[in-house]
Structures are given as C-alpha cells and as structure tokens.
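These protein sequence lines are chains D and F, in that order.
Residue numbers for the first sequence follow our numbering, beginning at 76 and rising by one.
Residue numbers for the second sequence follow our numbering, beginning at 37 and rising by one.
Just so you know, even glycine gets a beta-carbon here, dropped at the ideal spot from N, CA and C.
Since this is a predicted model, take the numbers as computed values, not measurements.
This report refers to the structure that appears directly beneath it.
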Amino acid sequence: MSLLRVEEITKVYDGLRALDRFSLNVEKGIIKGLIGPNGAGKSTLFHLISGIEKPDSGKIYFKDKEITALESHEISALGIGRTFQTVQTLSNMTVIENIMAGMHLRLKGNLLSSGLRLPWTARAEKGALKEAKEILDLLGLLGRWKSPASQLPLGKQKLLELGRALAMKPELILLDEPASGLTSAEGDQLKERIHQFKRDGMTFCIVEHQMGMVMEIADQVAVLDNGRLIAEGPPTVVERDAQVMDAYLKRKRSDA
Amino acid sequence: MVDSDKKQFRKRDFLYVIPLWLLSLIVPDADDLYSFRSKEFKRRELFYLGALLFVPLIWRDPHFHHLMVLAGIYAILALGLSLFLGYAGQISLGHAAFFGIGAYTTAILTTRYGFPPFLAFLISPFVAAVAAYLIGRPILKLKGYFLAIATLGFGEIFQVIVRESTVLTGGVIGIFDIPFFSIGGFSFDTYLKQYYLTWGVLLGLFLYSKNLVRSKMGRAFLAVAASEEAASTIGINVARTKLGVFVIGAAFAGFAGSLFASIMSIANPEAFSLNLSILIVIMVILGGMGNLYGPIFISILLTWLIDILGKYQAWSLPIYGVILILLLIFFPDGIGTRLGIRLIYLISYWSKKKRRDEGKV
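As structure tokens, this is what we get:
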C-alpha cells in the first residue's frame, strides 16, 4: 500500500527547476532512500511534502488524501514528521522540552485548561515527561536531559531533532541528511534506532548526500539529479546503474 | 567554564561578588520548567509571598502603598507582555491600547450605565481580548520590525479615536469619578486595601501564567519564538498560537486597565500613551525574556525610580534615560533569560572578563 504519493510536482526558483515533474511512491513500512548530488532537489522535495513550501504544479497524497494545499501544521497532524538539513532544535528550551514539544498534538490542554492546570492537563504533562525520558533514553541523551538544547554537540542535536519527530508518533518520518555531522559511532547508533522504529511499523524517507548510509539501511533507493528521478529500485540494483554513477562522477569532475 | 573560573578567584573579586551574590538571593531567576533547583525556587517563592503580604502592614506609609499599587498595575501589564514578547518572541508597541480599552470599558460601564465595578472588572478584559482578536488576526502575520510598526500604529490610532469620540470617552479630559472597586458593599477605598486587591489579582494572573508556560501551550509559545518552521512541522499552528498569546496579553492589560480606572477614579488618554507601551516593553526586556518573575521585579524597581526622580523635576527624564541605558549595557539579558545568563552566573562571567581585559588570560 502506498503511504505517500508524489505526482509530477514541479518547483521553480528564479527560473531554476529545483524539481521537474517529479514523481515518487513510498510504501508503508519501508525505508526509502533519496540520494543525489547537491542541488538535485532533495531538500526541496521535503519542504514541499511537509508543506513549508508549495509546489508550482503537481499533487501530493498522504494515505490517499491530497495534502498539496494543506498548511504545514495540518500535514504534521496527519502523521508526517521531519528533521531539517541544518538542525532546527528549539534553542530556547532544554533537551527534554524539545522532545515534549514534539508531543504537542497528543497532549490535552488549551489556553484555559493548561493555565488553570486542571487535573487532566496536569496528568497529561506528567505522562509526557515520563514518555519524553523514555525517548531520550532510547536515543542515549538521557544524561543531558536538563541542558539547554543549544549546548549539545551537533551530532546530538541531530539525534534530538529525530527524537522530537519521533515524539509525534508519526506514520512517516522525513529525515534530511541525518548522518551528516555524526561520528561513525553515532551513525551506527542512528541506523540501529531507525531499524528498530521501522520494526515498530514506522515508515522512513531519508535524504543523503553520500551514498554510504542510505545504501546500507534503505529498502528502496531513488536517485535524483537536476530535479528529475534518474533511477529507482533496491540499493544493490541502483548501485550498478550506470546513470547514477554518471550523476555522481559528473559532479565530482566539476568539483575538481 | 564555571569550574575554571573558580580556581582563578582572587580576593579583590569579592568586592563585587558579595554584593552580586546577595542580590541574587533576593532577585528572582527565570524559572525553566524542569531543570532548575526547584526546592530553592519554592523557598524563594514563599519568601516573596510573605514579603508581599506583610511588608505593607509593617511599612505603613500611604505613599509606599500607593506606589506599590501602581507597580502592581504595571506588573500585570508586563506579565501579559512577557508571555507575548518574552515567551512567544513577538513584539508589540501598542500594548497600552488594551490597557486603555480595559480602563474605558470600566469607566463607561460604571459611570454611564451604572454597572457594579466588580462586573465591569470582569467584562473589561473580555472586551480587550475581543479587540486583540480582531486586531491580531490581520497584523500578526507580520514579523519583527513590521509587527512593531503595525502595533505602534494601532496604539496611536486608538489614541486618536479616544481623543476624538468625545461623547463616549470624554475626549482629552477623560472620564472622572469612577466608583472605587467594591465587592458586596466592601469598598476598596484606602491605598492598603487597593494594594491587596491589585497584588491579589496579580498573584492570580501570575499563577495562571506560570501554569501556562509550564504546559504544552508554553512550549508552543517558545517553539514559535525559536523557529516557526520547526514549530509547524511538529503540528503547532503558528498563527493560532501567536493570536492566542496576543489575546491573553491583551486580557491581562484589560484587567490592569480596569483596576487602574477603578483605583485612580479616572480614565484619560494620557494614561495609555506610547510612553506606557514602551515602558512595558522595557520592563519585559530588563526583567528578562522568558522570565515571569523578572518583569514584576523590574516594574517595582522602575515605579520606585520614576517616583524618586520626580523630585528632580526637569532632570528626571534625562537621568531616567541614562539609568535605563546603563542597565541595558550592563544587563543586556535583564535579570535573567530562560536558559541564558543569570545574575548568579554573572559573578563568574565578570571575574573572567576583568582578567581578560587586563590581558592575563
């Protein structure tokens, strides 16, 4: 069953086609890898799916419901969580509050009941604190739950951002370059966690600049170049694909 | 950072360390939700509560009581703006308008329509909140400087409306002889009674605010301030959150305005000019962003300062300005931001800075 369906979306920035009639299918319960050189349109795709930007044309469906025109917060409420390429931890909060902020939609409370701390909101807050500690424990961040989020090293902030997305209990998580800036030990830990959450029934969509991690953990890989899909399939097949090598080699040549 | 500083401590550092340490015992810290010395906090809160209850009974000077009433009214205003500016990170330079709406609602309802003051007191914040809702929907889409200009404009327009609609508001002269606040025949007609009334209302609103910022709503405010993008991807409705906290801030101002009208017995346009809007913003900034205690403390300090400077007549404004500038230079984060520099940390920060200036680090 297809969880997320992107149909022929186009996004143009100042005449530059970031995405050009791009289509993608993400089935439920898999890890989908998206790779491509810088500027291939990977992050743009995530911005469009999560509703931060709107496509110029094309449609996006989540669980067979069209989400193209929905607001970003409505899309997250449907069950799509995400992280950002440049980490966006909530720097004015502590580590644990960052996780609890991710539970926003699942907690009871409004301006009146939270302000009066009515019994059910107080209960919800207590439960949230406990649950947030469990998530932090899972990510190996429990030791620093009291520190301001901005004081964590970059790798830990990436994990924290993942934790915030996980706290939403979404069905689909979009990870934008989760492994960049992580030490190899942290990277291994991240892989392990992603596998664990996949077993729990979560679906992942992972963008990476480098092939390494995605090829190891993804069930399916899509390759983007210049806003177009140039290859798709299981990692082993894609790796052999001549066009993929070409997109990477070309980039390497122009870098040099 | 802190550890290495302790080793390098020198005797003469105590010259400013001891006064700062003493100050940090009295001056409130920002209260972050789960991390910061909760026992110490509870003890300090009890101390504040005790001081609020008993100091006016011991120090029986009507002028002091009157000043504290004023300070309490400012504190209610600052508390409301602290949620909007200090937590949600949005600027408003028109907050005094909601204070005016509260004051005039009470003034008009009690003098023209004979409403009991208590009922007017309950209606005033509601009217201010409705006004904030109507204003907030269009202008809260703006950010930063643009929001500052828009709210400034709103405040000024409201001034003009009040000055011109003479029939309803009494124009420039305003409305006089507003009855004292009373509940069931008990009239708050002395400064001491008014003190307990004002600070009682403030205490209630403070507890409400404190619960609010310690809940999912508080985290939503902070998330909007940190990153609207990130906030919206965890399901926070940014527009509604901003509107909500704007309306709450306005309702607080409505309470303050109503108290002002029924305690001072007067409502005129002078009372809610741009000066007041800026004064509240200064209180929040000096009190510390994301700090509920700080703005209250600063409102007492500034009210007291303005009163003392009043003796110097024409010099009062320049001196006041210089003091504000000095405070902002030496305490750019105010009394303490939520997770940032606190007074107690300044001790180590200053000793380090001093050595750095001497070229020994």
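Query                                                                                                                                     : Result
Members of the region 210-236 of chain D that neighbour chain F once the beta carbon cut-off is set at 7 Å                                : Lys221 and Pro223
Leucine 182 (chain D) to lysine 208 (chain D) span [Cα, whole Å]                                                                          : 16 Å
Paired residues, beta bridge with lysine 201 (chain D) - DSSP                                                                             : Note: lysine 201 (chain D) sits in no beta bridge, so no partner.
Amino acids of chain D, ordered along the chain, whose beta-carbon sits closer than 8 Å to that of leucine 248 (chain F)                  : Leu186, Ser189 and Gly190
Whole-angstrom distance between valine 87 (chain D) and glycine 114 (chain D), CA atom to CA atom                                         : 12 Å
Beta-carbon neighbours of glutamate 307 (chain D), restricted to chain F and to distances below 8 Å                                       : What glutamate 307 (chain D) touches in chain F: nothing, since even the nearest Cβ is about 26 Å away.
CA-to-CA distance, alanine 199 (chain D) to alanine 133 (chain F), given in whole angstroms                                               : 36 Å
Cutoff 8 Å: lysine 278 (chain F) Cβ touching any chain D Cβ                                                                               : no
Any 3 or more C-beta pairs closer than 8 Å across the region 218-227 of chain D and the region 160-178 of chain D                         : yes
N-terminal and C-terminal residue of the beta strand (DSSP E) that arginine 157 (chain D) is part of                                      : 155-157
Cutoff 6 Å; reference glycine 122 (chain F); Cβ partners in own chain excluding five residues on either side                              : Val320, Met325 and Gly326
Pair within 8 Å by beta-carbon distance, isoleucine 299 (chain F) and valine 105 (chain F)                                                : yes
Within chain D, partners of isoleucine 433 (chain F) - CB distance below 7 Å                                                              : Since the first and last residues shown for chain F are 37 and 397, residue 433 (chain F) lies out of range.
Stretch-stretch touch, CB-based, cutoff 8 Å, three pairs: the region 143-163 of chain D with the region 123-134 of chain D                : yes
Coarse secondary structure for threonine 311 (chain D), derived from DSSP in three states                                                 : helix
Which listed residue (F:Lys177, F:Lys347 and F:Asp97) has its alpha carbon closest to that of valine 260 (chain F)                        : F:Lys177
Chain F contact residues for threonine 119 (chain D), given Cβ-Cβ distances below 8 Å                                                     : Result: empty, since nearest Cβ-Cβ is about 14 Å, beyond 8 Å.
Contacting residues, own chain, Cβ-Cβ under 7 Å from phenylalanine 120 (chain F) (five flanking each side not counted)                    : Gln126, Ser128, Val281, Phe282 and Gly285
Every unbroken alpha helix (DSSP H) inside the region 209-265 of chain F [4 residues or more]                                             : 227-249 and 252-262
Spatial distance of leucine 337 (chain F) from tyrosine 84 (chain F) (CA atoms)                                                           : 15 Å
Cut-off 7 Å between Cβ atoms - residues of its own chain near alanine 254 (chain D), not counting five sequence neighbours on either side : Gly262, Leu265, Glu283 and Met288
At least three beta-carbon pairs within less than 8 Å, the region 264-281 of chain F to the region 146-159 of chain F                     : no
Cross-chain neighbours of glycine 467 (chain F) in chain D, by beta carbon under 9 Å                                                      : Limits of chain F in this structure are 37 at one end and 397 at the other, which puts residue 467 (chain F) out of reach.
Within-8 Å CB hit, glutamine 163 (chain D) to chain F                                                                                     : yes
As assigned by DSSP and simplified to three states, the class of arginine 374 (chain F)                                                   : coil
CA-to-CA distance, isoleucine 342 (chain F) to glycine 357 (chain F), given in whole angstroms                                            : 11 Å
Assigned secondary structure, aspartate 41 (chain F) (DSSP; H/G/I helix, E/B strand, else coil)                                           : The predicted model places aspartate 41 (chain F) with a pLDDT of 49, which falls under 50 and marks its position as unreliable; any figure quoted below should be read in that light. Note: aspartate 41 (chain F) maps to helix in three-state DSSP.
Glutamate 81 (chain F) in three-state terms, based on DSSP                                                                                : helix
Backbone secondary structure at arginine 96 (chain F) - three-state DSSP                                                                  : coil
Contacting positions in the region 262-294 of chain D - beta carbon closer than 9 Å to chain F                                            : none
Proximal residues of chain F, C-beta to C-beta of alanine 176 (chain D) below 7 Å                                                         : Arg255, Ala259 and Ile270
Minimum length 4: unbroken alpha helix (DSSP H) runs contained in the region 273-348 of chain F                                           : 274-300, 310-323 and 329-345
Cβ separation of valine 81 (chain D) and isoleucine 135 (chain D), assumed to be a contact under 8 Å, to the nearest whole Å              : 5 Å
Boundaries of the alpha helix (DSSP H) in which phenylalanine 157 (chain F) is found, first to last residue                               : 153-175
Neighbour list for glycine 326 (chain F) in chain D, Cβ cutoff strictly below 9 Å                                                         : Asn167
Secondary structure of phenylalanine 367 (chain F), DSSP reduced to three states                                                          : coil
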